[in-house]
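Quick note: the sequence shown uses the working numbering, first residue 237, plus one each step.
Here the structure comes first, spelled out in structure tokens, and everything after it is commentary.
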Amino acid sequence: MNNIKHSKPWDSDQITRDYFDSLLVEMRHIDAVIPSTKLELYGETFDTPIMMAALSHLHNVRENGMVEMAKGALAANAVNWAGMGDEAEIAAITATGARTISIIKPYADNEYISRRIEHAERCGVLAVGMDVDHAFGGNGKYDVVLGEKMKPKSLAELKEFIKSTKLPFIIKGVLSEQDAYKALEAGAKGIVVSHHHGIMNYAVPPLYILPKIVKVINHQIPVFVDCGIVSGMDVFKALALGADAVSVGRAIMEPLKINGSEGVKDQIIKMTEELAGVMARTCSVDLKSIDPSVIQYRKGW
Ligand SMILES: Cc1cc2nc3c(=O)[nH]c(=O)nc-3n(C[C@H](O)[C@H](O)[C@H](O)COP(=O)(O)O)c2cc1C
């Protein structure tokens, strides 16, 4: 038994890692071909289903970190995401040309949210969204993030935001069938199945709940997944269980720190090649044709 597992049995990142590692993959070689990893999303084509996560404050990692990440995503022809940051930062990120999804926090002030949606529209983002899982602190009170007050959003409020924009609106932080139904009802054009890198202990691993959520969504809108993805094999497992694309956060932060946009680009390409390697050995022609039945479950989960 390994020590990490025993020292932090509550840790959602650890539980999530254990679940990834519990999933086994069949091989299917006959009739296999060189696979395509191309992703069609919101009318545009990208070279990989591996997207940046909605990160923020990357100046702590590397000077101009958010812009460097965007440049890396652009160079790899991958979708970029951006989390909490001011308008100037979103403008600088989108000015790189990276196709960016802007995730706006659930600020208490709904007018401010509306202004941020309008600003994102003017910047020409690919989509906007909200990390609805970041409204509460762990103490059951409304969270305050870097001095900014948060507040949970009702279905009615989400409907209003979604109605207010022509852009696809993505709800980030869906980890139940209930929220998946509500996201559909709100008119969301995408969801991110995520526990926000362990915002709560004992959170269900995204891939564990993913097949149930995918059934609810039933191909009506794209389903994205993040949390703990560190390899092309992890990406493959997420896609096999029904994700349309994935986001990678912490696994691109070290390459970003060491090598800036080049590091980000290289990491995306490396993981995409790993993904292609598994696709080839599972007779998966393209992202849509990955057969969920290649996944076998170890006992105990
Ligand atoms: C430094 C850092 C900043 C983040 N900032 C945001 C944010 O502003 N908005 C958001 O929705 N998620 C934010 N996240 C969460 C990520 O988008 C993602 O859900 C999480 O890190 C899980 O992915 P990972 O395991 O690949 O890192 C942040 C994560 C990190 C590590």
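Cβ coordinates follow ideal geometry from the N, Cα and C atoms, glycine included.
What three-state label does DSSP hand residue i in the structure shown?
{"i": "methionine 237", "result": "Any reading at methionine 237 is ruled out, since the residue's pLDDT is 43, under 50, leaving its predicted position unreliable."}
{"i": "methionine 263", "result": "coil"}
{"i": "threonine 281", "result": "strand"}
{"i": "glycine 513", "result": "helix"}
{"i": "aspartate 522", "result": "coil"}
{"i": "lysine 244", "result": "coil"}
{"i": "valine 368", "result": "helix"}
{"i": "leucine 492", "result": "helix"}
{"i": "lysine 385", "result": "strand"}
{"i": "isoleucine 270", "result": "coil"}
Can you tell me which of the options puts its alpha carbon nearest to the alpha carbon of residue i?
{"i": "leucine 511", "options": "Met489, Ala481, Val500 and Gly485", "result": "Ala481"}
{"i": "phenylalanine 405", "options": "Ile286, Glu509, Ala356 and Glu299", "result": "Ala356"}
{"i": "isoleucine 526", "options": "Thr273, Ala309 and Lys244", "result": "Thr273"}
{"i": "glycine 365", "options": "Val428, Lys448 and Gly434", "result": "Val428"}
{"i": "leucine 446", "options": "Phe256, Gly333 and Lys425", "result": "Phe256"}
{"i": "valine 261", "options": "Pro528, Leu294, Trp537 and Lys535", "result": "Pro528"}
{"i": "glycine 478", "options": "Pro491, Cys463, Met469 and Leu443", "result": "Leu443"}
{"i": "proline 388", "options": "Asn375, Asp367 and Trp537", "result": "Asp367"}
{"i": "glutamine 503", "options": "Asp247, Met305 and Glu299", "result": "Met305"}
{"i": "isoleucine 286", "options": "Val521, Tyr533 and Gly468", "result": "Gly468"}
{"i": "glycine 333", "options": "Val450, Ile505 and Val303", "result": "Val303"}
{"i": "glycine 536", "options": "Thr518, Asp254 and Val452", "result": "Asp254"}
{"i": "arginine 486", "options": "Met263, Met288, Tyr278 and Asp345", "result": "Met288"}
{"i": "isoleucine 337", "options": "Tyr278, Met386 and Ala324", "result": "Tyr278"}
{"i": "threonine 252", "options": "Ala516, Ala311 and Ile435", "result": "Ile435"}
Here's a check: name, in chain order, each residue in its chain whose Cβ is nearer than 7 Å to the Cβ of residue i, leaving out the five neighbours to either side.
{"i": "isoleucine 349", "result": "Ile340, Tyr343 and Phe397"}
{"i": "valine 297", "result": "Met489, Leu492 and Lys493"}
{"i": "arginine 217", "result": "Lying outside 237 to 537, the shown extent of the chain, residue 217 is not represented and no answer is given."}
{"i": "valine 440", "result": "Leu411"}
{"i": "methionine 514", "result": "Position check: residue 514 holds valine in this sequence, whereas methionine was assumed. Answer for valine 514: Val261, Gly468, Met469 and Phe472, listed in chain order."}
What do you get for residue i, buried or exposed, if any count of 16 or more other CB atoms within 10 angstroms of its CB means buried?
{"i": "asparagine 238", "result": "Bear in mind that a pLDDT of 47 at asparagine 238, under 50, signals an unreliable position, so the model cannot answer this."}
{"i": "leucine 382", "result": "exposed"}
{"i": "tryptophan 317", "result": "buried"}
{"i": "aspartate 369", "result": "buried"}
{"i": "alanine 327", "result": "exposed"}
{"i": "proline 245", "result": "exposed"}
{"i": "aspartate 322", "result": "exposed"}
{"i": "isoleucine 243", "result": "Looking at the sequence shown, residue 243 is not isoleucine but serine. Exposed."}
{"i": "glycine 374", "result": "exposed"}
{"i": "histidine 265", "result": "exposed"}
{"i": "glycine 319", "result": "buried"}
{"i": "alanine 290", "result": "buried"}
Starting from the C-beta of residue i, find all residues in its chain whose C-beta is less than 6 Å away, skip the five residues before and the five after it, and write them out in chain order.
{"i": "phenylalanine 372", "result": "Asp379"}
{"i": "aspartate 283", "result": "Asn313"}
{"i": "cysteine 359", "result": "Ile326, Ala327 and Thr330"}
{"i": "isoleucine 353", "result": "Val364 and Thr401"}
{"i": "leucine 259", "result": "Lys473 and Ile531"}
Looking only at its chain, what residues have a beta carbon closer than 8 Å to the beta carbon of residue i, apart from the 5 residues adjacent to it on each side?
{"i": "asparagine 495", "result": "Asp502"}
{"i": "leucine 391", "result": "Lys418, Glu421 and Ala422"}
Within the segment 286-362, ranges of the beta strand (DSSP E) (whole runs, at least 3 residues): 286-288, 316-318 and 336-340
3-residue-minimum beta strand (DSSP E) runs that sit fully inside the segment 402-488, ordered along the chain: 405-410, 426-429, 459-461 and 481-484
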